[in-house]
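A short worksheet on the structure shown next.
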Amino acid sequence: MSRSGGRAPDELRPLDLKPGYLDFAEGSALVTWGRTRVLCAAT
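Numbered according to numbering that gives the first Met the number 0, the sequence shown terminates at residue 42, and the numbering increases by one at each position without gaps.
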């Protein structure tokens, strides 16, 4: 069974974590997993 993007059945999507993403928040991170993006911020 093939997946879109050419990944193997047991291969995970690429994961990227960028801490300190926002200048105005006390703590923040941008998490990217494949084409999904999550922006987390704490003030």
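We put the beta carbon where it would ideally sit given N, CA and C, even for glycine.
Quick caveat: nothing in here was measured; it's all calculated off a predicted structure.
For this session: Enumerate in chain order the residues of its own chain whose CB-to-CB distance from R12 is below 6 angstroms, with the five nearest sequence positions on each side excluded.
Result: Here residue 12 refers to the residue found at position 13 when the sequence shown is read from its first residue. Here the set comprises W32 and G33.
For this session: Measuring alpha carbon to alpha carbon, tell me which of Y20, F23, V30 and S3 ends up nearest L14.
Result: Numbered from its first residue, the sequence shown carries residue 14 at position 15. Distances from the CA of L14 to each of Y20, F23, V30 and S3 were compared; the closest alpha carbon is that of V30.
For this session: List the DSSP bridge partners of A28.
Result: Looking up residue 28 in the sequence shown gives position 29. In the DSSP secondary-structure assignment, A28 is bridged to P18 and C39.
For this session: Could you check the C-alpha separation between G19 and V37 for me, to the nearest Å?
Result: Walking along the sequence shown from the start, residue 19 turns up at place 20. Walking along the sequence shown from the start, residue 37 turns up at place 38. Rounded to whole angstroms, G19 to V37 spans 13 angstroms at the Cα level.
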